[in-house]
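Residue numbers (our numbering): 1442 to 1701. Every residue, glycine too, gets a C-beta built ideally from N, C-alpha and C.
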Ligand code: KIV
């Protein structure tokens, strides 16, 4: 999967599949099943490290897991998350993004919009592909007052749309939209030429991402309504991943039940 192929997917209206991975065994399995994008998410702070949030994930953690995941990937596009406080200014962003690329990532992802303008600009100048992340931003869970749906009123919806358009103008290649009303995600996906990848953002995004441990039913406790356990029917990991790919490609997932 290359960047230009991603854009073609959007033009052809073929849905893009993305799962998180944190080690080589899972990334190899996802890659062999044909998942389009593998994301080394900082959700590893929750599902691997057992933290309450992602705020304790370090650059060293991300590099360790990115190296492991990269060893299992052959065809999928590999994106790695920049962790909390690793992109507070342009110089720091560039240095840390380069470390993730050296570890095997083809693209880096970080959360936020206008407030990180100089970080987006410096990566664009240095030809480092970037994935944006708007809507619910787990690294800002404290400021956002918890894991809540974003963009529900006119002002916050406009801010997300404006940020999305700004990110596209700053060379961002892909945009994750997390926990936003399906109607807003549809509008953003329509206005952008870059692909949007939704998680709790409705069926009209250009692709869908889930935390792999959530969609395999490994994560315990109360899960957000956008999660579907794809392992429940077959009890087989490969079958679950194939069911996820099939459901996303055929627009059977997410349903209204998984959307806001
Ligand atoms: O860290 C992560 O897993 C993510 C996804 C939820 C998109 O950012």
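{"Query": "Among 1575, 1560, 1577, 1576, whose alpha-carbon lies nearest the alpha-carbon of residue 1569?", "Result": "1560"}
{"Query": "First and last residue of the alpha helix (DSSP H) that includes residue 1533?", "Result": "1531–1543"}
{"Query": "Cβ of residue 1446 versus every heavy atom of the ligand KIV: is any distance shorter than 7 angstroms?", "Result": "no"}
{"Query": "Let me know if residue 1583 comes out buried or exposed under the rule of 16 or more other beta-carbons within 10 Å of its beta-carbon.", "Result": "exposed"}
{"Query": "Considering only DSSP beta bridges, list what residue 1519 is partnered with.", "Result": "1479"}
{"Query": "How would you write the range of the alpha helix (DSSP H) that residue 1498 sits in, first residue to last?", "Result": "Looking at the DSSP string, residue 1498 is not in any alpha helix (DSSP H), and its letter there is neither H nor E."}
{"Query": "Please determine whether the Cβ atom of residue 1650 lies at a distance below 7 angstroms from any heavy atom of the ligand KIV.", "Result": "yes"}
{"Query": "Just the C-alpha distance for residue 1644 and residue 1460, rounded to the nearest angstrom, thanks.", "Result": "16 angstroms"}
{"Query": "What first and last residue would you give for the alpha helix (DSSP H) that runs through residue 1452?", "Result": "1444–1453"}
{"Query": "Locate the alpha helix (DSSP H) running through residue 1687, then write down its first and last residues.", "Result": "1678–1690"}
{"Query": "Under 7 angstroms from any heavy atom of the ligand KIV, does the C-beta of residue 1573 make it?", "Result": "no"}
{"Query": "Who are residue 1552's beta bridge partners in DSSP?", "Result": "1574"}
{"Query": "Does the ligand KIV have even one heavy atom less than 7 angstroms from the beta-carbon of residue 1480?", "Result": "yes"}
{"Query": "Can you find a heavy atom of the ligand KIV that lies under 7 angstroms from the Cβ of residue 1484?", "Result": "yes"}
{"Query": "Residue 1681 and residue 1688 - do their beta-carbons sit closer together than 8 angstroms?", "Result": "no"}
{"Query": "For the alpha helix (DSSP H) containing residue 1633, name the first residue and the last one.", "Result": "First-last for residue 1633: undefined, no H or E at that position."}
{"Query": "Could you check the C-alpha separation between residue 1684 and residue 1671 for me, to the nearest Å?", "Result": "7 angstroms"}
{"Query": "Where does residue 1659 land, buried or exposed, given buried means 16+ other C-beta within 10 angstroms?", "Result": "exposed"}
{"Query": "Could you tell me whether the stretch 1536–1545 touches the stretch 1503–1516, where touching means 3 or more Cβ pairs closer than 8 angstroms?", "Result": "yes"}
{"Query": "Does residue 1512 pass the burial test, meaning 16 or more other C-beta atoms within 10 Å, or should it be called exposed?", "Result": "exposed"}
{"Query": "Distance, Cα to Cα, residue 1496 vs residue 1452?", "Result": "36 angstroms"}
{"Query": "Comparing C-alpha positions only, which one of 1635, 1522, 1677, 1457 sits nearest to residue 1607?", "Result": "1635"}
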